[in-house]
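Participant:
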Amino acid sequence: MSSAATVRLPQVRVATGTRVARYRPGAVFGPRRLADFELTWLLTGSARLRYQPRDEPLRTVPLRPGLLNLSREGTVDCYLWDEQTPSTHAYLHFDLADPGALPPPADWPAVRDLTVSPVLGGLCQHLLDLGSTEDAAAQEATGHALALLLDIFVRPGPGTGEGAPAWLEGLVDTVAVRWADAGVSRITTEQLAEAVGVSRGYLTALVSRQFGCGPAQLVELVRLAHAAVALHRSNATVEEVARSCGYATPFHFSHRFRHVYGMPPGRFRRTDPRPDPYGPVREHGLLPVARRLLQVSTIG
679 MSSAATVRLP
689 QVRVATGTRV
699 ARYRPGAVFG
709 PRRLADFELT
719 WLLTGSARLR
729 YQPRDEPLRT
739 VPLRPGLLNL
749 SREGTVDCYL
759 WDEQTPSTHA
769 YLHFDLADPG
779 ALPPPADWPA
789 VRDLTVSPVL
799 GGLCQHLLDL
809 GSTEDAAAQE
819 ATGHALALLL
829 DIFVRPGPGT
839 GEGAPAWLEG
849 LVDTVAVRWA
859 DAGVSRITTE
869 QLAEAVGVSR
879 GYLTALVSRQ
889 FGCGPAQLVE
899 LVRLAHAAVA
909 LHRSNATVEE
919 VARSCGYATP
929 FHFSHRFRHV
939 YGMPPGRFRR
949 TDPRPDPYGP
959 VREHGLLPVA
969 RRLLQVSTIG
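Following the working numbering, the numbering of the sequence shown begins with 679 at its first residue and continues without gaps.
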């Protein structure tokens with residue numbers, strides 16, 4: 679008889695079903711201190727969320743449709759809604775009765791990109807559909823769906839790598855959100871450390887120990903992988919590729935590309951057989967990170 683491992687899902691108590699709120703342009707909600715956990719996801723518009731988990735530094739993240747935000751109990755937050763158009767978001771409050779196999783809530787990520795994890799998007803829509811009814815069956819189904827969503831949100835499995843440390847999840851989430859919101863661009867070590875909630879030196883030590891490079895170099899390697907894919911898979915000029923990867927000039931882009939790939943962008947595009955665009959990130963063990971971040975960037 680074979681023995682299968684049992685997945686211990688978290689146990690949650692749902693306060694109410696999923697609700698929807700609509701805000702006029704320029705509205706502000708907060709500051710407030712959460713007495714429980716809250717999931718929010720935008721349906722229309724955009725927002726900037728300023729939040730400060732208990733005993734942690736203040737952070738700011740841009741929100742848009744396609745992002746799922748999880749706020750922990752004790753967090754002080756404030757939403758600054760889109761100044762140009764009305765914004766609509768869905769939300770769900772719950773208490774955590776038992777974390778199951780999840781790590782402590784202090785180690786949970788704050789934001790997930792639903793375009794990277796379609797199953798989370800499907801569960802969000804399911805929760806929204808269940809919120810339209812108030813019967814006992816819908817409430818029970820909401821609890822089951824929320825437990826599964828929470829487990830996938832905290833432990834997404836393959837992506838940055840199953841079992842990835844919380845700091846790496848936070849770093850990748852930070853880059854993914856920023857690139858999805860404003861395009862592929864340079865992000866400094868200081869900005870990454872602030873978003874992850876650790877010191878610059880500590881984050882540098884963590885990244886160097888795992889990948890053999892610094893945090894800013896990690897981001898640049900993925901930017902250059904984006905450029906290498908664009909050179910192979912688009913008609914964009916070298917100047918356009920440089921701009922799409924956040925480089926101010928084609929000269930600076932070509933210099934950095936040659937340093938990493940051993941040849942200038944034009945020769946890389948013409949070389950046959952074609953070089954592996956993922957070669958440098960693969961050498962550093964960054965392939966799962968790069969693949970996830972490349973899913974939120976646009977070629978050409």
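In this text, a Cβ means the ideal position worked out from N, Cα and C, and glycines have one as well.
Since we're looking at a predicted model, the values are computed, not measured.
(1) Give the C-beta separation of Thr-852 and Val-832 to the nearest angstrom, bearing in mind that I take them to be a contact with Cβ-Cβ under 8 Å.
(2) Count the other CB atoms, across all protein chains shown, that sit within 10 Å of the CB of Tyr-925; report buried if there are 16 or more and exposed otherwise.
(3) Quick one, are the C-beta atoms of Phe-935 and Leu-896 less than 7 Å apart?
(4) Hey, is Gly-892's beta-carbon within less than 7 Å of any beta-carbon in chain D?
(5) Do Tyr-757 and Gly-708 come within 7 Å of each other at the CB atom, strictly closer than that value?
(6) From which residue to which residue does the beta strand (DSSP E) around His-767 run?
(7) Within the same chain, show all residues whose beta-carbon is closer than 6 Å to that of Cys-923, passing over the 5 residues directly before and after it, in chain order.
(8) Taking Val-789 as the reference, which of Gln-803, Val-907, Arg-750 and Thr-763 has the closest Cα?
(9) Give the straight-line distance between the Cα atoms of Thr-694 and Arg-921, rounded to the nearest whole angstrom.
(10) When the Cβ atoms of the stretch 710 to 718 are set against those of the stretch 772 to 779, are three or more pairs found closer than 8 Å?
(11) Give me the Cβ distance between Ala-858 and Val-974, rounded to the nearest whole Å; I'm assuming they're in contact under 8 Å.
(12) Starting from Gln-730, follow the beta strand (DSSP E) in both directions and report where the run begins and ends.
(13) Residue range of the beta strand (DSSP E) that Pro-928 falls in?
(14) Using the DSSP secondary-structure output, state which residues sit across from Arg-856 in a beta bridge.
(15) Whole beta strand (DSSP E) runs in the stretch 781 to 867 with 3 or more residues, listed along the chain?
(16) Could you give the distance in angstroms between the alpha-carbon of Gly-879 and the alpha-carbon of Pro-942?
(17) With a cut-off of 8 Å on the beta carbons, I'd call Leu-798 and Leu-745 a contact; round off their distance for me.
(18) Return the CA-CA distance between Ala-779 and Val-916, expressed in angstroms with no decimal places.
(19) Would you mind sorting Asp-785 into buried or exposed? The rule is 16 or more other CB atoms within 10 Å of its CB.
(20) Got a sec, what are the start and stop residues for the alpha helix (DSSP H) Tyr-925 sits in?
(21) Indicate the three-state DSSP secondary structure (helix, strand or coil) for Glu-716 in the structure shown.
(22) With 16 as the cutoff for other CB atoms within 10 Å, does Val-706 come out buried or exposed?
Facilitator: On the basis of the data shown:
(1) With a beta-carbon spacing of about 17 Å, Thr-852 and Val-832 fall beyond the 8 Å limit used to define contacts.
(2) So Tyr-925 counts as buried.
(3) It is not a contact, given that the beta carbons lie outside the stated cut-off.
(4) Absent from the structure: chain D. Only one protein chain is present.
(5) Yes, the Cβ-Cβ distance between Gly-708 and Tyr-757 is below 7 Å.
(6) Segment 765 to 776, the beta strand (DSSP E) holding His-767.
(7) Cβ contact annotation for Cys-923 (same chain, cutoff 6 Å, sequence separation greater than five): Val-862, Arg-901, His-904 and Ala-905, in chain order.
(8) Cα-wise, what sits closest to Val-789 is Arg-750.
(9) Each residue's Cα considered, the two are about 47 Å apart.
(10) Proximity of the stretch 710 to 718 to the stretch 772 to 779 meets the contact definition, three or more beta-carbon pairs being nearer than 8 Å.
(11) Indeed, because the Cβ distance is near 4 Å, the residues count as touching under 8 Å.
(12) Unbroken beta strand (DSSP E) run through Gln-730: 725 to 730.
(13) Run containing Pro-928: none in the beta strand (DSSP E); it sits in the alpha helix (DSSP H), 928 to 939.
(14) Answer is none; Arg-856 lacks a bridge partner.
(15) Counting whole runs of 3 or more residues, the stretch 781 to 867 contains the beta strand (DSSP E) stretches 789 to 791.
(16) Rounded to whole angstroms, Gly-879 to Pro-942 spans 33 Å at the Cα level.
(17) About 10 Å; that fails the 8 Å criterion.
(18) Using only the alpha carbons, I get a separation of about 48 Å.
(19) Taking every protein chain shown into account, the CB of Asp-785 has fewer than 16 other CB atoms within 10 angstroms, so this residue is exposed.
(20) Element bounds for Tyr-925: n/a, residue is neither H nor E.
(21) Looking at Glu-716 - three-state DSSP - the assignment turns out to be strand.
(22) Counting Cβ neighbours within 10 Å, Val-706 comes out exposed, since fewer than 16 surround it.
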